[in-house]
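Residue numbers for the sequence shown follow UniProt numbering, so the first one is 1 and each next one is one higher. In this text, a Cβ means the ideal position worked out from N, Cα and C, and glycines have one as well. Nothing here was measured: the structure is a model prediction, and the numbers come from that model.
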Amino acid sequence: MAKYLLLKHYRGAPAAVNDVPMDQWTPEEVSAHMRYMQDFAARLESTGEFVDGQALSPEGTFVRYDGEGRPPVTDGPFAETKDLIAGWMVIDVETYQRAIELAGELSAAPGAGGKPIHEWLEVRPFYGVTSTITE
């Protein structure tokens, strides 16, 4: 088994087919999207492929070490909006192909109008884990 991180972006990937920002969705559309995500995670829990996942707020702070006895720098640099991560899911699957298959399913989460978003997801293997990529 190999772990992969599936990253959902607010922005940063090519535009999704249903590219209406979530803050413009109706409460029912947001609920349907969240339900899809929860059902997807529950299905993967039942197969043993789900590790963890969370949605993230667009707000955040950068912090870095700035030398002994100095406070951390917390006021910048700021991420460009194209790089904001909306959420993530960690999966533990047998093959790279399975990770790609699951990312494709997750991309079909409903958005505005109840139609699939067809959003791009970033699939990243965990560092130091033997890759299962066989392409």
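Whole-number beta carbon distance between residue j and residue i, since they are thought to touch under 8 angstroms
i	j	result
valine 123	leucine 6	6 angstroms
isoleucine 100	valine 51	No, isoleucine 100 and valine 51 are not in contact; Cβ-Cβ is about 17 angstroms, not under 8 angstroms.
alanine 55	glycine 87	4 angstroms
histidine 9	leucine 106	So it is not a contact: roughly 12 angstroms between Cβ atoms.
residue 136	proline 125	Outside the modelled stretch of the chain, which goes from 1 to 135, sits residue 136, for which no answer is possible.
Buried versus exposed call for residue i [16 or more other C-beta atoms within 10 Å across all chains shown]
i	result
glycine 69	exposed
methionine 89	buried
alanine 42	exposed
alanine 15	exposed
tyrosine 127	exposed
glutamate 49	buried
glycine 67	exposed
glycine 60	exposed
Element boundaries [alpha helix (DSSP H), containing residue i]
i	result
histidine 33	27-47
Residue closest to residue i, alpha-carbon to alpha-carbon, out of the options
i	options	result
valine 30	Thr61, Gln97 and Gly113	Gly113
tryptophan 120	Trp25, Tyr96, Asp19 and Met1	Asp19
glycine 111	Gly128, Thr26 and Lys3	Thr26
alanine 109	Ala55, Tyr96, Thr95 and Met34	Met34
tyrosine 4	Asp39, Glu59, Ser46 and Thr95	Thr95
glutamine 38	Gly53, Leu102, Pro116 and Val17	Gly53
The ligand GTP heavy atom lying under 7 angstroms from the CB of residue i
i	result
alanine 55	No copy of the ligand GTP appears in this structure; indeed no ligand is present at all.
Range of the contiguous beta strand (DSSP E) that encloses residue i
i	result
alanine 99	Per DSSP, alanine 99 belongs to no beta strand (DSSP E); it is in the alpha helix (DSSP H), 96-106.
methionine 22	First-last for methionine 22: undefined, no H or E at that position.
tryptophan 88	85-93
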